[in-house]
Amino acid sequence: MTTTFDPIQLDLETIRSCRDSIKAHVLDLDGIYLPTLQEKVRTLATDINQADDQARSTLALLPAALQVRAIQSTLNVLIKEAAQSGPVPPQHVAEVSSYLEDALNQTREHYNALSMRLDNLRAFDTGNITDLQGSLNQQLEIQEAALNETEARRERYAEHKRTLNAAMSVIEDKNMIDRLIPLLDAFKEFDPKTPQASLVRAAVVSVQNILRMASESVKYVDLVEARANVQAELNSITEQLGDIRPRIKSLQQRLQQLSTAQTLEQNVTRYEEQVRKICTALLTFIDAQPAPSSVSIVEDVEAFIANAKALSDNVSDLRARWK
407 MTTTFDPIQL
417 DLETIRSCRD
427 SIKAHVLDLD
437 GIYLPTLQEK
447 VRTLATDINQ
457 ADDQARSTLA
467 LLPAALQVRA
477 IQSTLNVLIK
487 EAAQSGPVPP
497 QHVAEVSSYL
507 EDALNQTREH
517 YNALSMRLDN
527 LRAFDTGNIT
537 DLQGSLNQQL
547 EIQEAALNET
557 EARRERYAEH
567 KRTLNAAMSV
577 IEDKNMIDRL
587 IPLLDAFKEF
597 DPKTPQASLV
607 RAAVVSVQNI
617 LRMASESVKY
627 VDLVEARANV
637 QAELNSITEQ
647 LGDIRPRIKS
657 LQQRLQQLST
667 AQTLEQNVTR
677 YEEQVRKICT
687 ALLTFIDAQP
697 APSSVSIVED
707 VEAFIANAKA
717 LSDNVSDLRA
727 RWK
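Everything in the sequence shown is counted per this note's numbering, starting at 407 for the first residue and increasing by one.
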């Protein structure tokens, strides 16, 4: 007899990838900064396992619940009796009706069990993530701007320190004058007509004048104090950077967590939509079966068997490919 059952078309690769991603994201979000969402994620970890186990169980147990062989055997008796004596006795109609009712009830139980697990998944909600992301991005922009300004300020003070170090190095080398003056005196004995002697003497005098002018205009103690002030500012800037960088890292981590939560919710939805097709097929199968009538009992049972066998073969194939 021709079946009216439409096979369940599941994208098993989507189911597998979403399920694996959900489990990975649940681990990634352990310790998320939002306590409420953390609790939802922990509940989801249980819900996804229960839903997947229930789907496997439904696919595995449904063929037995449909009782196709027992109903087929009873139908054969009905057909034989109908051929021999005409109308099917009421007790036989009641017997086969009982088989059909039991098969449909068991199918409904599988539907209810799986539907409940999927309803739990459908209830998963990450909340107002978009608003939270907007707020965190604003805070991140502020902190990154502060970081750039502070690093630029540190570089300016570092340059000031290098300049002061260079100036102090010059003053620290002022004792060179003591070594240059004897050299100058020695050149006084040289013939001034010697070009080389004149050049060296002029150079020595020039260096002596520069160092004396520097010594008179800049006090070493002033440079020491200035460098200490610059170093203090550099230390303060370093502390500020030590505060800003962890804040930026924390904001980035929170944004990553929210992004992961969004992906998690998408995968939960995709998984639930795919597995929900099993429930839809079971409910359609149940609703399509008419109550057996003594007038058309054979036709009614044959229709049930055709649809039940198609459903049984379908779910058995899905179970074999479900990983």
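We put the CB at the ideal spot given by N, CA and C, even for glycine.
Item                                                                                                                     : Value
I643 beta carbon less than 7 Å from that of R562                                                                         : no
Contact under 7 Å by Cβ, T666 with D453                                                                                  : no
Bounding residues of the alpha helix (DSSP H) (the contiguous stretch that carries L435)                                 : Here L435 belongs to no alpha helix (DSSP H), and DSSP marks it neither H nor E.
Top-ranked residue by Cα proximity to V499, from I485, A519, F411 and D458                                               : I485
Cut-off 8 Å between Cβ atoms - residues of its own chain near N543, not counting five sequence neighbours on either side : L661
DSSP three-state assignment for G533, whether helix, strand or coil                                                      : coil
Collapsed DSSP secondary structure at A703 in the structure displayed                                                    : Rather than Ala, the amino acid found at residue 703 in this sequence is Ile. In the structure shown, I703 sits in a helix (DSSP, three-state: H, G or I).
Cβ-based burial, D706 [other Cβ within 10 Å; buried from 16]                                                             : buried
Cβ-based neighbour list, N511, same chain, cut-off 6 Å, excluding 5 preceding and 5 following                            : none
Coarse secondary structure for P496, derived from DSSP in three states                                                   : helix
Sequence-distant residues of its chain with Cβ nearer than 8 Å to V502 (five each side left out)                         : I477, T480, L481, L484, P698, I703 and V707
Contact check, Q672 vs T420, beta carbons under 7 Å                                                                      : no
Cβ contact check for the segment 638–653 and the segment 545–555: 3 or more pairs under 8 Å                              : yes
Per-residue burial, L418 [other beta carbons within 10 Å of its own, 16 or more giving buried]                           : exposed
Length-filtered (4 minimum) alpha helix (DSSP H) runs lying within the segment 647–717                                   : none
At least three beta-carbon pairs within less than 8 Å, the segment 518–528 to the segment 441–448                        : no
Check whether T513 and A470 have beta carbons under 7 Å apart                                                            : no
Same chain only: Cβ atoms within 7 Å of H566, ignoring 5 sequence neighbours per side                                    : V636
Residue ranges of each alpha helix (DSSP H) within the segment 503–567, 4 or longer                                      : none
Among Y439, R725 and M574, the one whose alpha carbon lies nearest that of A634                                          : M574
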